[in-house]
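In full-length UniProt numbering, the protein residues as written are 1 to 607. Worksheet: one structure, shown below.
Given below as structure tokens:
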């Protein structure tokens, strides 16, 4: 990695050097034609010199000016990075390695007889990956239930000419299951998952739960998608990142986090030990029907997984203490001196200063320079910290490291009053998790969860971390972010604004994402008035109706419904309090694809 950074850095410097050398020779030629006598005394002829010493001086000067030129160009990204740190830090951070994990309690050894909730943010530790243990944290809370998916069958019924899905669940011995939500993860090939997801969320003709000969009808809304709320983001909520943008980042980086469905059983439902109950779904006749004959061969119990959650390679780490000195302006942040090649700093959470001699003195918090908290409080150190990436030369060549510096209220460099600086960090294991081979018979993760007999496996190999846009791309993303904030979706260029907003998060111009965004053909925005609660006249409110038209190619796109579902929730985040959005999606010239999504009450407050 360091060798690659060094190679890229030297290539950039060589490019600047060549430009400066060409510039000097071109201007030397012009100088010689205008002042021939002076040029002859310098040994210059047509911009060239026969004296090798003069040529070396020119080349040395070109090298010096090329470094100055490069530094000036690098200063602009530093300015934009400082601004983005405050208004859009998501453009500066790596998206860490992510996977889906299944937490499987043992039927006998776990002692599980009732539901048991594992909180979001619980730590998981990989087995050794090249002698390195990586740490993940769960994203969703997991409600462990003492039951298993015993059978899943997708079949075509010759009588009603509709496709049927039957899911059977078996309750464990000595346990019982009551009403509430059962969360399933759809685990399989991408196209199959998207088609089944579409059918379960939008094409249900009849839904029932069966216990023996008894049945209970359910509304189609008993099956609901997961992953669209602020609390269900891959990353911990950051007040600097708008929920709109956090959801965009999740969708384009790891869409598998949305492949979860909640099935809400009636509150009166009860299944005793060793009993079996079934969920039976009858689907509408739909244009997706021709795909189901092939899917029927791969749909089985392993396609519907219980007790799953996304997990992301993030963990809290206390950095090595920094000893302050008067002669040092910048300090390198080292998360762990023993594992420098295994841990990267993802974010600095908190900074504290303490005197070594005064052990009883409380640690004084230091606020970020580019933050919003510049008010003096009791115990405030009177200084602020800022961090930045610096290129350093180590044993392996050039590498980029994180440094921290301190400044006063006027942004002038300053030395804190104290001896030690303590930093609380959020870290990653950079690309090491990608080397994990999932599917170990004893599980892929260990944990400190207070439950025996757990087998924790990764259902897919952890993704490769997605680096942030390079410095040149950061600049135009900053300009786009600021300009789009002043443009309305209801304007004449509404569809262009929507597409550009989505493209901001296609960091590396992935063709599949670009193709999906380009399927958005038209956007029509109209003011409407309706009830937020259909049977309550007191909830009358004014809102906006948005109609999104897609190109005909979307008809055969398996991810079309998930994209529409995402846009429905995404656009709903724009609505202020006491207003709402109502989204309609349709494919051009295919009126049967028109779908009116539920009214979404606004939550955005302008204060």
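In this text, a Cβ means the ideal position worked out from N, Cα and C, and glycines have one as well.
{"Check": "Residue 18: buried (16+ other C-beta within 10 angstroms of its C-beta) or exposed?", "Outcome": "exposed"}
{"Check": "From residue 313 to residue 504, what does the alpha carbon distance come to, in whole angstroms?", "Outcome": "24 Å"}
{"Check": "Name the residue from 501, 445, 151, 370 whose alpha carbon lies nearest to the alpha carbon of residue 135.", "Outcome": "445"}
{"Check": "Run through DSSP, which three-state label would residue 294 get?", "Outcome": "helix"}
{"Check": "Given this structure, state the Cα-to-Cα distance separating residue 555 from residue 306, to the nearest angstrom.", "Outcome": "31 Å"}
{"Check": "Identify whether residue 424 lies in helix, strand or coil by the three-state DSSP scheme.", "Outcome": "strand"}
{"Check": "If we count Cβ pairs, one from each stretch, closer than 8 Å, do we get three or more for the stretch 590-601 versus the stretch 561-580?", "Outcome": "yes"}
{"Check": "Does residue 355 come out as helix, strand or coil in the three-state DSSP assignment?", "Outcome": "coil"}
{"Check": "Hey, residue 550 and residue 520 are a contact pair by Cβ (cut 8 Å); roughly how many whole angstroms apart?", "Outcome": "6 Å"}
{"Check": "Restricting to runs no shorter than 3 residues, where is the beta strand (DSSP E) found entirely within the stretch 98-148?", "Outcome": "98-105, 116-118, 123-126, 135-138, 142-144"}
{"Check": "In three-state DSSP terms, what is residue 534?", "Outcome": "coil"}
{"Check": "Spell out a yes or no on whether the stretch 164-175 and the stretch 322-339 are touching, meaning 3 or more CB-CB pairs, one atom from each, closer than 8 Å.", "Outcome": "no"}
{"Check": "Kindly indicate which three-state DSSP category residue 614 falls into: helix, strand or coil?", "Outcome": "Within the shown structure, residues of the chain are numbered from 1 to 607, placing residue 614 beyond reach of any answer."}
{"Check": "Sort 527, 423, 155 by Cα distance to residue 297 and report the nearest one.", "Outcome": "155"}
{"Check": "So, using beta-carbon positions, are residue 570 and residue 202 closer together than 8 Å?", "Outcome": "no"}
{"Check": "Considering just the uninterrupted stretch of the alpha helix (DSSP H) at residue 321, what are its terminal residues?", "Outcome": "Where residue 321 is concerned, there is no enclosing alpha helix (DSSP H), given that its DSSP letter is neither H nor E."}
{"Check": "Using 10 angstroms around the beta-carbon of residue 285, count the other beta-carbons present and answer buried if the total reaches 16, otherwise exposed.", "Outcome": "exposed"}
{"Check": "Taking its Cβ as the centre, do 16 or more other Cβ atoms sit within 10 Å of residue 257, making it buried, or is it exposed?", "Outcome": "buried"}
{"Check": "Enumerated in chain order, which unbroken segments of the alpha helix (DSSP H) with a length of 4 residues or greater are wholly contained in the stretch 140-197?", "Outcome": "none"}
{"Check": "Should residue 60 be labelled buried (16 or more other beta-carbon atoms within 10 Å of its own) or exposed?", "Outcome": "exposed"}
{"Check": "Would you mind giving the Cβ-Cβ distance between residue 610 and residue 118, rounded to the nearest angstrom? I have them listed as a contact below 8 Å.", "Outcome": "Any answer about residue 610 is impossible in this case: the structure gives the chain only from 1 up to 607."}
{"Check": "May I ask you to report which of helix, strand or coil DSSP gives residue 579?", "Outcome": "coil"}
{"Check": "What residue does the beta strand (DSSP E) around residue 543 start on, and which one ends it?", "Outcome": "540-550"}
{"Check": "Under 8 Å, do residue 101 and residue 434 count as touching if we go by C-beta distance?", "Outcome": "no"}
{"Check": "According to the neighbour-count rule (16 or more other Cβ atoms, all chains shown, within 10 Å of its Cβ), is residue 608 buried or exposed?", "Outcome": "Since the first residue of the chain shown is 1 and the last is 607, residue 608 is not available in this structure."}
{"Check": "According to DSSP, residue 586 sits in a beta bridge with which residue or residues?", "Outcome": "549"}
{"Check": "On the premise that residue 528 lies in contact with residue 544, defined as a C-beta separation below 8 Å, what is that separation, rounded to the nearest angstrom?", "Outcome": "7 Å"}
{"Check": "How is residue 267 classed by DSSP in three states: helix, strand or coil?", "Outcome": "strand"}
{"Check": "Using only alpha-carbon positions, find the residue among 369, 427, 279 that is nearest to residue 413.", "Outcome": "369"}
{"Check": "Can you list, in chain order, the residues of its chain with a C-beta nearer than 6 Å to that of residue 4? Leave out the 5 residues immediately preceding and following it.", "Outcome": "Residue placement at residue 4 cannot be trusted, given a pLDDT of 44 that sits under 50; what the coordinates show is reported in the next sentence. Excluding residues within five positions, none has a Cβ falling inside 6 Å."}
{"Check": "With distances taken between CB atoms, is the gap from residue 263 to residue 181 smaller than 8 Å?", "Outcome": "yes"}
{"Check": "Skipping 5 residues on each side, what residues in its chain have a beta carbon closer than 7 Å to that of residue 580?", "Outcome": "532, 541, 543, 599, 600, 601, 602"}
{"Check": "Would you give the residue range spanned by the alpha helix (DSSP H) that residue 249 belongs to?", "Outcome": "243-253"}
{"Check": "Could you give the DSSP three-state label for residue 55: helix, strand or coil?", "Outcome": "helix"}
{"Check": "Quick one, are the C-beta atoms of residue 171 and residue 272 less than 8 Å apart?", "Outcome": "yes"}
{"Check": "Does DSSP classify residue 311 as helix, strand or coil?", "Outcome": "strand"}
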